[in-house]
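Notes follow the structure.
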Amino acid sequence: MKSPIVLIKNIGMFLLLLLLNYSPAFAQELQTPLEISSFTKLSSYDGIIAFINEAARVNKNIKIDFIGESSEGRKIPALKISNREFGKDKSKIKVLIFAQQHGNEPSGKEGALLLIKDFAEGKLNKLLKRIDLILIPQMNADGGEMNKRYNGQGLDLNRNHLILTAPETRALHNLFNQYLPEATLDVHEYYPYGEEWIKFGARKNNDEQIGSVTNINVSSIIKKLQREVFIPYIKEHLKKNGFSCFEYIPGGVPEKEYIRLSTFDINDGRQSFGSMNSFSMIFEGKNGRDSIDNIKHRALSRYTTLKGYLQFIYDNKDKIKNLVSVERKKLINAKPGDPVAIQMNHFKDGSKLTLTMQSTYSNKDTLVTIENYRPLVKPILEVDRPVGYLIPKVSNELVEWMKRQNFTFSPFDSKEKMKVEQYLITKVDSIDFEGDMVINPTVEKKVIALTNASDYCFIPTNQLAGNIIVQALEPQSMIRLATYKMFEHLVRVNENYPILRIVK
Ligand SMILES: [Zn+2]
Numbered sequence: 062m063k064s065p066i067v068l069i070k071n072i073g074m075f076l077l078l079l080l081l082n083y084s085p086a087f088a089q090e091l092q093t094p095l096e097i098s099s100f101t102k103l104s105s106y107d108g109i110i111a112f113i114n115e116a117a118r119v120n121k122n123i124k125i126d127f128i129g130e131s132s133e134g135r136k137i138p139a140l141k142i143s144n145r146e147f148g149k150d151k152s153k154i155k156v157l158i159f160a161q162q163h164g165n166e167p168s169g170k171e172g173a174l175l176l177i178k179d180f181a182e183g184k185l186n187k188l189l190k191r192i193d194l195i196l197i198p199q200m201n202a203d204g205g206e207m208n209k210r211y212n213g214q215g216l217d218l219n220r221n222h223l224i225l226t227a228p229e230t231r232a233l234h235n236l237f238n239q240y241l242p243e244a245t246l247d248v249h250e251y252y253p254y255g256e257e258w259i260k261f262g263a264r265k266n267n268d269e270q271i272g273s274v275t276n277i278n279v280s281s282i283i284k285k286l287q288r289e290v291f292i293p294y295i296k297e298h299l300k301k302n303g304f305s306c307f308e309y310i311p312g313g314v315p316e317k318e319y320i321r322l323s324t325f326d327i328n329d330g331r332q333s334f335g336s337m338n339s340f341s342m343i344f345e346g347k348n349g350r351d352s353i354d355n356i357k358h359r360a361l362s363r364y365t366t367l368k369g370y371l372q373f374i375y376d377n378k379d380k381i382k383n384l385v386s387v388e389r390k391k392l393i394n395a396k397p398g399d400p401v402a403i404q405m406n407h408f409k410d411g412s413k414l415t416l417t418m419q420s421t422y423s424n425k426d427t428l429v430t431i432e433n434y435r436p437l438v439k440p441i442l443e444v445d446r447p448v449g450y451l452i453p454k455v456s457n458e459l460v461e462w463m464k465r466q467n468f469t470f471s472p473f474d475s476k477e478k479m480k481v482e483q484y485l486i487t488k489v490d491s492i493d494f495e496g497d498m499v500i501n502p503t504v505e506k507k508v509i510a511l512t513n514a515s516d517y518c519f520i521p522t523n524q525l526a527g528n529i530i531v532q533a534l535e536p537q538s539m540i541r542l543a544t545y546k547m548f549e550h551l552v553r554v555n556e557n558y559p560i561l562r563i564v565k
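Take any residue in the sequence shown, note its place counting from 1, add 61, and you have its number in the working numbering.
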C-alpha cells in the first residue's frame, strides 16, 4: 500500500496531465494545410475543408456555407465571418473576398487560409466591429486540384461573369445578389517568367499588383478612391511589412505593346461587381516559377495584403458604405437618355511610367521607363440609355441568361404608349479591343410600330445592373453578349437585331 503523500502526488500529476491535455491554452495551434507541410505542399481541397471545419469549430464567429458545386461535384465553401448574425447589423459594411478563380494561381487561397486562422484565433476581432466578411478561399476547386487555370468544364471562370455558364460563377453571383456586399475583392496571381520577358531582359517583380476598375460607366468617385487613396495606402502598408507593390498593369513586354491598366470588359470578377458600383478590386500577387516555388513568401504576401485591405475598409467604413449607397442609387434611378459608353479605348495621359523591374541577367533591380503608357480609359462610342429592352420570348438562351443574372424583367405590358426602336445591321467589320479584333457592326436605327407585344419580355435599365444590361445588349457594344459563341447569331448582316429598344 502506497503512503498518502505518494497518492496525493500521483493524483496531482494526473490532474496536471489532464490540464495539459485538455486546457485550450495547451491545445495544438491551428495550422493551415500549407503550414502543416512546412510550406512544401499546397492545400488540397480536402485539406481546405478539414481546416475551415476546424476554424469554425474553435470560433463561433465563423460559419461555413456551401454556395454551390463545381462541375466535378466539389462543394464551394464560403465562410461568413461576423461577430453576430451575418448581415443583421445594418451599420456594418459587407465585404466579399474570393480567391483562386484560376486553379494555377494558388497563393490567394493560401493567404486566405492564413487570414481565416487569424479570425479563428480571435486576432482580428476588432475588424468584425465594423465588417461582416464573406471569404471564399477557393472558387475553382476543380482547377485547383489539377493546378490548371480552367474549371472542370474547361471554362475560364474570370471570363464568365457576363454569361454565367459555369456553376462556380453562378454561385458567386447568387451570393452577391443575396447580400449586395459594398466591397468585393478578387485575388489572383501574375506570371512574370515567360520567354518574352527573358528576351526583353527584365521582368515585373513586385510582390503585388493592385487593380481598380476601369470601365468608363463605373462611378468615377469610386475609381478615384481606389486609385488615389487605396493604392497609395496599400503600397505603404506592404512596404512597412517588407513587400513590394505596384498598380496592376497587365500585358506583355513594354517594347511590343502599350501598357495600360486593367481591362474595361465586364466579364471578370472585378468589373462585373464594379459595374454595379461596388468598391470592387483585383489583387494580382506574383506567382512562382511553378506552383510551389517561393510559396511561403507568396502566401505571406497575399495574407499581408488581405489584412491591409480589411484594415482600409475598417478605417473607411462609413465613407465606402455611403459612397456605394449613393452611387448604386444613381443606377437604380438612372434616367433614360443619359449616355452609356459601349466602345472604349485606353489612352495616354502625357505621363511616362517608370517601373522597377528585375533584370533577367543579373537578377538585380533595374528601372524601366515605359513611353507608351495608357492609363486613361475614354469612350469612343456612346448610346442613349433606353428605358429598357424587349427580349423575344422565343430566345430561350436570352431569357435563361437574364434569369442566371437575376435581372429584373417581366412580360411586356404594352398598355403604356412607348416608342420602340429597332436596329438593322447594315455592315460588319472589325475593331481592336485591347489587342483582340472583335466584330464591329454598322447599324441603322428606326422607330417601329410593335404589333406583337406579347411575344416580348421587358427588361428595364433602371436597375443595379442597368449599365451591364446596356453594354451587353447593344449590338455595337464591343463587350456585348454577341461576342460569345452562344449569342453570335444575334448579329447578322442585313438582318434586324432581334432585341428592341424602348425609349421615351
Ligand atoms: Zn488569374
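Note that beta-carbon positions come from the ideal geometry of N, C-alpha and C, so glycine has one too. Fair warning: this is a prediction, and the values are worked out from it, not measured in the lab.
Judged by DSSP secondary structure, histidine 249 falls outside any alpha helix (DSSP H) and instead within the beta strand (DSSP E) spanning 244 to 251. Rounded to whole angstroms, the separation of the alpha carbons of asparagine 114 and alanine 173 is 15 Å.
Positions of the alpha helix (DSSP H) runs, each at least 4 residues long and wholly inside the segment 125 to 207, are given as 168 to 181, 202 to 207 in order along the chain. Within the model, the alpha-carbon separation for glycine 255 versus valine 274 is close to 26 Å.
Cβ-Cβ separation between tyrosine 450 and arginine 562: approximately 6 Å, consistent with a contact (criterion under 8 Å). Take the alpha-carbon of leucine 91 and the one of isoleucine 109: they are about 13 Å apart. Judged by the Cβ position, histidine 249 qualifies as a neighbour of ligand 1 at the 6 Å threshold, a heavy atom of the ligand being closer than this. Around leucine 367, the same chain offers Gly172, Leu176 as residues with beta carbons nearer than 6 Å, after the five sequence neighbours per side are excluded. For histidine 163, the shortest separation between its Cβ and any heavy atom of ligand 1 lies below 6 Å. In chain order, Val481 place their CB closer than 6 Å to the CB of leucine 511, counting only its own chain and leaving out the 5 sequence neighbours on each side. When C-alpha distances from valine 279 are compared across Leu95, Tyr319, Leu103, Ala402, the shortest belongs to Ala402.
Restricted to the segment 315 to 393, the alpha helix (DSSP H) segments that are unbroken, complete and at least 4 residues in length are 330 to 335, 356 to 376, 378 to 393, listed in chain order. In the DSSP assignment, valine 531 falls within the unbroken alpha helix (DSSP H) covering 527 to 534. Residue environment analysis places serine 362 among the buried positions, since at least 16 neighbouring C-beta atoms fall within 10 angstroms of its C-beta. In the DSSP assignment, proline 502 is bridged to Val489. Taking each of Arg331, Ala202, Ser336 in turn and checking the Cα distance to arginine 135, the smallest one comes out for Ala202.
Taken from the Cβ of glutamate 166, at least one heavy atom of ligand 1 lies inside 6 Å. Looking from the CA of lysine 378, the closest CA among Lys413, Arg350, Leu286, Ala227 belongs to Leu286. In the same chain as lysine 488, and ignoring 5 residues on each side of it, the C-beta atoms closer than 8 Å to its own belong to Pro502, Thr503, Val554, in chain order. Here isoleucine 393 has Asn523, Gln524, Leu525 as same chain residues with Cβ atoms under 7 Å from its own Cβ, once five neighbours each way along the sequence are excluded.
In the structure shown, methionine 539 falls within a coil segment according to DSSP collapsed to helix, strand and coil.
Annotation for glycine 272: the continuous beta strand (DSSP E) segment containing it runs 269 to 272. Apart from sequence neighbours up to five positions away, the residues of its chain that approach isoleucine 431 with a beta-carbon distance below 6 Å are Pro315, Ile320, Leu414, ordered along the chain.
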